[in-house]
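Be aware that the sequence shown starts at 245, since it is given in the numbering used here, and climbs by one per residue. Virtual Cβ for every residue (Gly too), placed ideally from N, Cα, C. What follows is a single structure, written as structure tokens, with notes after it.
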Amino acid sequence: PLYNPPSMSRFDRYVFCECLGPVFIGFLVATGTLLTQAFFNLAEAMIQRDVPLAAAAKILLLNLPHIVVITLPMGLLFGILLAMGRLSADSELTAMRASGVSLLYLYRPILTLSLLLAGLNVYLMLEVLPWGNRTLQKLTITELLKQNGYRTGHFGKWHIGPETKNGTYGIDVINGKKL
């Protein structure tokens, strides 16, 4: 069996495994959809701004935790609805209820799966997502251009921050002054 802790009965494992496949498929579909959108945004940046492929891949990977945090609950909802719909369509729910299985007993493995995924989602939100956001904020377009061999400059009246090494956002020249 896919998941077999000692406290779960055969019935619990059956309902758990019936939900697990559709949850995984729902997660992959939702994640793939949002990743496709992010990929096209990065492809546009690669074409218009000459962002290197390695930097675009890094940006995509750093955006992945944000996408997973959103799509994990979507996949769970999709999987539970699909699994319960299949059990209902095959009259298995009716047979379970007729044999005396309570709804609380029936939904116990679903609650277990939901709590496991909620714990994973909380970990991603509290640990992985802030790390990815901090790393992504440090990665600016000027740094990406420098990696590609460009020099950067700012000329004009628009204020971009203090003219110190840390406040220049990676720009080499500001209003004719080389930093």
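Spatial distance of residue i from residue j (CA atoms)
i    : j    : result
S332 : T338 : 7 Å
L321 : V372 : 23 Å
F283 : L304 : 7 Å
R293 : Y394 : 11 Å
S335 : Q281 : 39 Å
T315 : A298 : 25 Å
A362 : N392 : 41 Å
L364 : R257 : 20 Å
L264 : K422 : 58 Å
M369 : V273 : 21 Å
Y351 : V295 : 49 Å
S343 : F255 : 13 Å
M290 : G276 : 20 Å
L347 : L355 : 12 Å
G376 : K382 : 10 Å
N285 : V313 : 20 Å
P317 : V345 : 27 Å
Environment of residue i [buried if 16+ CB atoms lie within 10 Å]
i    : result
N307 : buried
V366 : exposed
P309 : buried
A287 : exposed
A327 : buried
L389 : buried
A301 : exposed
G270 : buried
Start and end residues, alpha helix (DSSP H) containing residue i
i    : result
P374 : L373 to K382
G276 : R254 to R293
G363 : L347 to Y367
N307 : L297 to A333
L337 : E336 to A342
Sequence-distant residues of the same chain with beta carbon closer than 7 Å to residue i, five excluded per side
i    : result
Y349 : none
M340 : L350
Same chain, Cβ closer than 6 Å to residue i, five either side skipped, listed in chain order
i    : result
L259 : For the sequence presented, residue 259 should be read as Val rather than Leu. P353.
M252 : none
E262 : A327
R330 : none
G319 : V267, G270, F271 and A274
Whether residue i touches residue j by CB criterion (8 Å)
i    : j    : result
L278 : I311 : yes
T386 : T379 : no
V267 : L357 : yes
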